[in-house]
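First comes the structure, then the notes that go with it.
Numbering (our numbering), first residue to last: 1 to 176.
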């Protein structure tokens, strides 16, 4: 699963509210709020510079704190999901054992719940970048969708620079 412009779309007020709900307070919460506020940006195109505009959402990329704040903001997205989820900054993987129609329906329901939660928190998924990979012999090769759009089925995908393939084999010597 891939979030649309993940670091750019985090709403500051909602992030501060979520931090407060997680126990952040006092000077630390105020410092984070100040760090996010009154930021401005401009754009240069063909040598012409635009005027400065207020930045009302997003966490600063290239910072240490930005990705951490993003993860805190999306961390509870899996509260309404039965499947297993792996999260690393803006990459989210949803997976489960799927060998029956009931398990297929459960995974489909989890995808729907994730989409609903992403809409509630204004962190939509970029469906064109979301993909499905089937592992195992008894895994039914069915279609899954996000927000009414069928997800692309792939045989391999790069994850954090490592190519993962549907045909992974285990042997006594090593894992590949």
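We put the beta carbon where it would ideally sit given N, CA and C, even for glycine.
Values in this document were obtained by computation on a predicted structure and should not be read as measured data.
What does DSSP give as the partner residue(s) for residue i in the beta ladder?
i          : result
residue 3  : 125
residue 63 : Answer is none; residue 63 lacks a bridge partner.
Kindly indicate the opening and closing residues of the beta strand (DSSP E) around residue i.
i           : result
residue 159 : 156–159
residue 165 : 162–165
Report, in whole angstroms, the separation of the C-beta atoms of residue i and residue j, which I expect to be a contact under 8 Å.
i           : j           : result
residue 114 : residue 130 : Wrong, their Cβ atoms sit about 10 Å apart, outside the cutoff.
residue 96  : residue 83  : 4 Å
residue 132 : residue 144 : 5 Å
By DSSP, does residue i sit in helix, in strand, or in coil?
i           : result
residue 9   : coil
residue 27  : helix
residue 173 : Low confidence applies to residue 173: its pLDDT is 42, below 50, so where it sits in the model is not reliable, and the reading given next is rough at best. DSSP places residue 173 in coil when its eight states are reduced to three.
residue 45  : strand
residue 17  : helix
residue 146 : strand
residue 55  : coil
Please specify which runs of the beta strand (DSSP E), each continuous and at least 3 residues long, are wholly inside the region 74–127, giving them in chain order. 84–88, 91–95
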